[in-house]
Structure formats: C-alpha cells, structure tokens
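K.L.:
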Ligand code: FAD
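Residue numbers (the numbering used here): 79 to 443.
#1: Rounded to whole angstroms, what's the CA-CA distance from residue 246 to residue 407? Just pull it up for me.
#2: Can you have a look at residue 395 and say buried or exposed, based on whether 16 or more other CB atoms are within 10 angstroms of its CB?
#3: Helix, strand or coil: which one does DSSP assign to residue 443?
#4: Suppose the cutoff is 7 Å on Cβ atoms and the five residues either side in sequence are ignored; what does the same chain contact list for residue 432 look like?
#5: For residue 273 versus residue 333, is the C-beta spacing smaller than 9 Å?
#6: Does the Cβ of residue 443 have 16 or more other Cβ atoms within 10 Å, making it buried, or fewer, making it exposed?
#7: Which one of 111, 106 and 377 has the shortest CA to CA distance from residue 79?
#8: Any contact between the segment 237-257 and the segment 165-177? By contact I mean 3 or more CB pairs, one from each, below 8 Å.
#9: Can you find a C-beta in chain D that's less than 9 Å from the C-beta of residue 232?
#10: What are the boundary residues of the alpha helix (DSSP H) that residue 226 is part of?
#11: What are the start and end residues of each continuous beta strand (DSSP E) run of 3 or more residues lying completely inside the segment 358-399, in chain order?
#12: Does the distance from the CB of residue 372 to the CB of residue 331 come in under 9 Å?
#13: Which whole-angstrom value is the C-beta distance of residue 123 and residue 92, which I expect to be below 8 Å?
#14: The beta strand (DSSP E) with residue 90 in it runs from where to where?
#15: Report the option in 220, 87 and 137 whose CA atom is closest to the CA atom of residue 150.
#16: Does DSSP classify residue 209 as helix, strand or coil?
#17: Under the rule that 16 or more other beta-carbon atoms within 10 Å means buried, what is residue 343, buried or exposed?
#18: Between the beta-carbon of residue 81 and the beta-carbon of residue 270, is there less than 9 Å?
#19: Is residue 221 helix, strand or coil by DSSP?
#20: Under 8 Å by Cβ, that's how I've got residue 303 and residue 168 pegged, so tell me the actual separation to the nearest angstrom.
#21: Which parts of the segment 116-197 are runs of the beta strand (DSSP E), unbroken and 3 residues or longer, counting only runs that do not cross its ends?
#22: Who are the Cβ neighbours of residue 228 in its own chain at under 6 Å, not counting the five residues just before and after it?
#23: What separation, rounded to the nearest whole angstrom, lies between the Cα atoms of residue 300 and residue 318?
#24: Check the C-beta distance from residue 418 over to residue 144 and give it rounded, since I have them as a contact under 8 Å.
#25: From residue 392 to residue 413, what does the alpha carbon distance come to, in whole angstroms?
#26: Heavy atom of ligand 1 less than 8 Å from the Cβ of residue 321, yes or no?
#27: Work out the CA separation of residue 364 and residue 296 for me, nearest whole Å.
#28: Going by beta-carbon coordinates alone, are residue 275 and residue 402 separated by less than 9 Å?
#29: Could you tell me whether the Cβ atoms of residue 420 and residue 97 are closer together than 9 Å?
#30: Residue 163 and residue 223 look like a contact to me (Cβ under 8 Å); what is the Cβ gap, rounded to whole Å?
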C-alpha cells in the first residue's frame, strides 16, 4: 500500500517531519511551501534561529526536547556536514526574575533544580565567582549550536536522498495540499507544519497563534561559552543571549521575546541595547573594546510561532476523509524539539495507516 503524504511547510518542523516519514518506503512524500531554505522572510522563522539547545519545557512536557537531544548529539559527533557543533552553555539567574509577577520566559530553563540536568552532559552549578555581575546564580552544561543555513539545506538534501519532492506553493486552505502531491494522486495524509501561517490558513485558522518577536544582531566576533540570562532591567520583553553558530555562521546576539508584536523592521534602540548587554555580559566578545569592537553582519527580526496552549501535534479529520496531522506552534524551541515532534508525527501517521488495514510490522519503530 502507498501513502500519499503532503507536508505543508519547509521550516525545521516540516523538513524533520518529511525526513522521518520518508524513511518508510511506503510513504510518498511531497513538501510544499511558500518559503524554502535559502529564503529570509518575516513569515519564515527557521533561518533566523540561533539555534541552540536550552531546554524550556516543564518536566511533564519535556518529551519533545528529551527525545531530540540524542539525535542532535549524534549528528554533532558523526555528521559534520549537518553544521552543528558542541558548545558549553552558561545560564545565569536573577532571583528578582523568578519572583517577578507574570514571569513567563523559559521559566524551566532557569530552574535551580532542572529536569534537564540528567539529560544534557556535564551539568554543574557555577561557583559564585563564575557568575557574571548582577546575577545571583548560574549553571553550565554541554549543548550544541546549529548553523541554520547549513542545517536546513542538509535536511533538504537528506529528504531528496529519500525521494522527497519539493514544490513551491502558497496555500490559501490546508485542503489545497491534497492535490499537490508529485505522484499525481490525491494526498490521503497532510502534515500541517505552517507555523504562524496556521493563523490565517483556511481549514486551520488557529486564532491562538501569534508571534513572539525576536530581534537579533548577527556578528562576526567569536565567543565561548553560549550565554543566556533570566531577565534584563531594560524591559520585560528584552532578554540576553549569545551563541556562536557552527561552521562560520557568525554569533547571534539576542534579543527580545515580545508576544503579539508583528514588527518586521529591526528597532535601532533595541539593537543598541542588545549589543550593550552582550558586551557587558561577555567583555571578551570584543576583547574589552565595547560595542565598537563588534563586527555586525546583519540586524534581523524573526517571528517565533507562539501558541497560547503550546505546540499542537494531533490528528484532525477534515471533511470526513482527509487526515491532517498538525505539527505547529513551537515558539522558541523548534530546533531543540524537532526530532521529538517529528517522531510523534510518524506515530500519528502510522496509527492512520494501521486503521486503514496496513501491516507495519516490517518497518521497525
Ligand atoms: P517556520 O520556520 O516559520 O516554517 C513555516 C513554513 O510554513 C515555511 O516554509 C512557510 O513558507 C510555510 N508556510 C506558512 N504558511 C504557508 C502557506 N499558507 N502556504 C504555503 N506555505 C506556508 N529554536 C530553538 O530550538 N533553539 C534556538 O536557539 C532558537 N533560537 C531562535 C532565535 C530566533 C531569533 C528565532 C526567530 C527563533 C528561534 N528559535 C529557536 C525558534 C525556532 O526558530 C522556531 O521554533 C522554528 O524555526 C519553527 O519552525 P517551523 O518549521 O515550525 O516554522
């Protein structure tokens, strides 16, 4: 039996779903998307990401991140062309951020007893003299940083190798995907990985989707380790992080986490504050020369696909016949949860296949 599958969306969520689905010969997979790797657009979050692994979920929702780490680690160790390298991460906490009313920013990352300490290697609390000024405590662990340009293209290459076909298309309704399979047959399963596009896409129109605006500065300066702080005094929507991408991808200085803000143009005042906070937290970034020592590649804005109730990964049957498997709403953790979520997409697709009487016993897990 052949399953005709169309994946809508070519960000990290759509590509990882397509890759894992294409490992079964019975799945004929087409990816259709408005934007593809190589594009930079405000409607396309994936290229803008850092991207590193700083766990953000609560322990009960940690499945996606837990399941992704082993694969990112394996790629880092064994597949250099994927464009991922190991970096130490240092997370600095302020008590006042944990106590702030309505504090919501990656709360679990800054926990003093985080679940991820048994998952990410080399976890340790920092000594007082290792904590940067203005912070109360911190921890360190081994993480990775992904060069998104290299990695997204690598995912496309892996999909092509498995026979996936890529097409550009702008969908006005998720049902449009049904007629877009390269096989010429109607799709019996559609994977919806359109992220923020799901807000307006007909047949989905998920009004709980909104952006968490991320303004960043990409610089040529190199810096280890990666840094993230629990808050800033500049604004409740401003955060501080530094991460050096693998393979010459530059260093990302962030940033903002501004829910509901659609502004696509970088704000010069915010940019100045991002650079100032970065060199304060890491004077070695510019060898003590202040922000004048930064060599800027570009200022950028990406919109994280934020969803009020968290990620949506479930099956929906539209019009009584077409199975949609949703995989959208990953906010600021789309890379670090990508394999866990795509694995769930495969499980849901396999449940549909079994319902249709397919025997999957030969496919392994
Ligand atoms: P997207 O990348 O937005 O892809 C959506 C796809 O759907 C695109 O191909 C688009 O063209 C297509 N599409 C949408 N609507 C339609 C339509 N109507 N018709 C056809 N196609 C459509 N995550 C991490 O894990 N670690 C990090 O360190 C990290 N850092 C980040 C830093 C920044 C500055 C930003 C902006 C994000 C960061 N993130 C990070 C979050 C991460 O980038 C996102 O969670 C992830 O990229 C979401 O991927 P996606 O595939 O779901 O969405």
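Glycine included, every Cβ here is placed at the ideal spot set by N, Cα and C.
All values derive from a computational prediction rather than experimental measurement.
P.N.:
In short:
#1: 22 Å
#2: exposed
#3: Confidence at residue 443 is low in this model, with a pLDDT of 49, below 50, so its placement is unreliable and the value that follows should be read with caution. In the three-state scheme derived from DSSP, where H, G and I count as helix and E and B as strand, residue 443 is classed as coil.
#4: 438
#5: no
#6: With a pLDDT of 49 at residue 443, under the threshold of 50, the modelled position of this residue cannot be trusted, and the question is left open.
#7: 106
#8: When Cβ pairs closer than 8 Å are counted between the two stretches, the segment 237-257 is seen not to touch the segment 165-177, the count staying below three.
#9: The chain inventory of the structure shown lacks chain D, comprising one protein chain alone.
#10: 226-239
#11: 374-385 and 390-396
#12: In this structure, residue 331 lies closer than 9 Å to residue 372 by Cβ.
#13: Contact flag wrong, Cβ pair sits at about 12 Å.
#14: From DSSP, residue 90 is part of no beta strand (DSSP E) but of the alpha helix (DSSP H) over 90-99.
#15: Taking residue 150 as reference, the option from 220, 87 and 137 with the minimal CA-CA separation is 220.
#16: Assignment of residue 209 by DSSP, reduced to helix, strand and coil, places it in the coil class.
#17: exposed
#18: no
#19: strand
#20: 5 Å
#21: 162-171
#22: 161 and 325
#23: Straight-line Cα distance between these residues: approximately 16 Å.
#24: Taking C-beta atoms under 8 Å as the contact rule, residue 418 and residue 144 qualify, at a distance of about 7 Å.
#25: Cα to Cα, the separation comes out at about 19 Å.
#26: yes
#27: A direct Cα-Cα distance of roughly 14 Å separates residue 296 from residue 364.
#28: Contact: no.
#29: yes
#30: 6 Å
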